[in-house]
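Before any comments, here is the structure.
In this note's numbering, the protein residues as written are 1 to 274.
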């Protein structure tokens, strides 16, 4: 992979990278299509990264289907699928990790200790292996995107980070590989996330800026679903992820819940349409 990347760069080609854990869906395909538009060589990495899963999380159960992924990638115009094995990325004796300190403390970082250290480490390794000029990430994992932007800026990495809009099903459910875990009833229940986001955005547009009131509204909608366990409903400044008391157009509303055994996240920026 490094040899191919070095040759492509020497030939003046722009390498676009879409890092994924596989089990590709239409959200991933939207990243690939934008990467195809922007790059000369489009690389998709497929690697279920063990270092970003905590004890008792779903590493072993995470859905995998490389043959299906290859078809989705081909349809999106991908040139190369880079699908290493864990020992290729973390050989015997491996002991170097990268940590973005403050941005990874709240939200999912508080609930999943060590998760973002695994994310930023593997993304750094992918950047070193694939050598892209640009990399594309979905905004559904908003905190991940913020951490990668910070990491890239702090370490002077010559990679443009492109954040892409959340892709939703027709009924509003944010696309996620983990949606495959949901039963039919659980999937219907999961629509409370997008309903809560929509209600908060409409309330903000109608003039409500007090975070306490906005949160109560969202909590009431999600909490009405008996099968949902709320992890967090938080309002934060979208770049710093600092908590805010009064909402503004750049305020991020981030949600995390568990429905049965499935953990789902979703978000919106109150002043934006998507």
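Built from N, CA and C at the ideal position, the CB exists for glycine as well.
Contacts around residue 27, its chain only, beta-carbon distance under 6 angstroms, and the 5 residues preceding and following it disregarded
Along the chain shown, one-based indexing puts residue 27 at 27. Contacts found: 138, 167 and 175.
Can you tell which of 17, 213, 8 and 31 has the C-alpha that lies nearest to the C-alpha of residue 140?
Indexing the chain shown from 1 puts residue 140 at position 140. The residue with the shortest Cα to Cα distance from residue 140 is 31.
Roughly how far, in whole angstroms, is the beta-carbon of residue 43 from the beta-carbon of residue 80, given that I think they are within contact range, below 8 angstroms?
What you label residue 43 is simply residue 43 of the chain shown in a count that begins at 1. What you label residue 80 is simply residue 80 of the chain shown in a count that begins at 1. With 8 angstroms as the limit, residue 43 and residue 80 qualify as a contact, their Cβ atoms being about 5 angstroms apart.
Simplified DSSP state of residue 59, which is helix, strand or coil:
By one-based count along the chain shown, residue 59 stands at place 59. Correct three-state label for residue 59: coil.
Residue 45 bridges to which residues according to DSSP?
Position 45 of the chain shown, counted from the start, is the residue given in the question as residue 45. For residue 45, which the question treats as bridged, DSSP gives the partners 19 and 82.
I'd like the ranges of any alpha helix (DSSP H) spanning at least 4 consecutive residues and lying wholly in the stretch 196 to 223.
211 to 223
3 or more residues per run - each beta strand (DSSP E) lying fully within the stretch 89 to 163:
134 to 138
Locate the beta strand (DSSP E) running through residue 253, then write down its first and last residues.
What you label residue 253 is simply residue 253 of the chain shown in a count that begins at 1. Here the beta strand (DSSP E) through residue 253 covers 251 to 259.
Which residues mark the beginning and the end of the alpha helix (DSSP H) in which residue 66 is found?
Against the chain shown, residue 66 aligns to sequence position 66. Residue 66 -> alpha helix (DSSP H) spans 66 to 75.
One or two residues paired with residue 266 in a DSSP bridge
As a first step, residue 266 is located in the chain shown; it is residue number 266 there, counting from the start. 255, per the DSSP bridge assignment.
Find the nearest neighbour of residue 261 within the set 107, 160 and 182, judged by alpha-carbon distance.
Position 261 of the chain shown holds residue 261. Comparing Cα-Cα distances from residue 261 to each of 107, 160 and 182, the minimum goes to 182.
Based on Cα-Cα distance, which residue from 22, 98 and 77 lies nearest to residue 68?
Taking the chain shown and counting its residues from 1, one reaches residue 68 at position 68. Comparing Cα positions, the closest option is 22.
Tell me the rounded alpha-carbon separation between residue 225 and residue 215.
The residue you call residue 225 lines up with position 225 of the chain shown. The residue you call residue 215 lines up with position 215 of the chain shown. Rounded to whole angstroms, residue 225 to residue 215 spans 16 angstroms at the Cα level.
So what does DSSP say about residue 280, is it helix, strand or coil?
Outside the displayed range of the chain (1 to 274) lies residue 280, so it cannot be described from this structure.
Can you check whether the CB of residue 144 is closer than 8 angstroms to the CB of residue 162?
Translated into the one-based positions of the chain shown, residue 162 becomes position 162. Translated into the one-based positions of the chain shown, residue 144 becomes position 144. No, the Cβ-Cβ distance between residue 162 and residue 144 is not below 8 angstroms.
Within this structure, are the beta carbons of residue 253 and residue 197 separated by less than 8 angstroms?
Numbered from its first residue, the chain shown carries residue 253 at position 253. Numbered from its first residue, the chain shown carries residue 197 at position 197. Yes, the Cβ-Cβ distance between residue 253 and residue 197 is below 8 angstroms.
Could you give the residue range of the beta strand (DSSP E) that holds residue 234?
Counting from one through the chain shown, the residue named residue 234 turns up at place 234. From DSSP, the beta strand (DSSP E) with residue 234 extends over 228 to 237.
In whole angstroms, what is the alpha-carbon distance linking residue 107 and residue 221?
Residue numbering aside, residue 107 sits at position 107 when the chain shown is read from its first letter. Residue numbering aside, residue 221 sits at position 221 when the chain shown is read from its first letter. Roughly 20 angstroms separates the two Cα atoms.
Taking DSSP as the reference, what is the three-state secondary structure of residue 28?
Within the chain shown, the letter at position 28 stands for residue 28. Residue 28 falls in the helix class under three-state DSSP.
Between which residues of its own chain and residue 63 is the CB-CB distance below 7 angstroms, once the five residues before and five after are set aside?
Locating residue 63 in the chain shown gives position 63, counting from the first residue. Excluding residues within five positions, the ones whose Cβ falls inside 7 angstroms are 23, 177 and 180.
Would DSSP call residue 185 helix, strand or coil?
As a first step, residue 185 is located in the chain shown; it is residue number 185 there, counting from the start. Reduced to three states, the DSSP call for residue 185 is helix.
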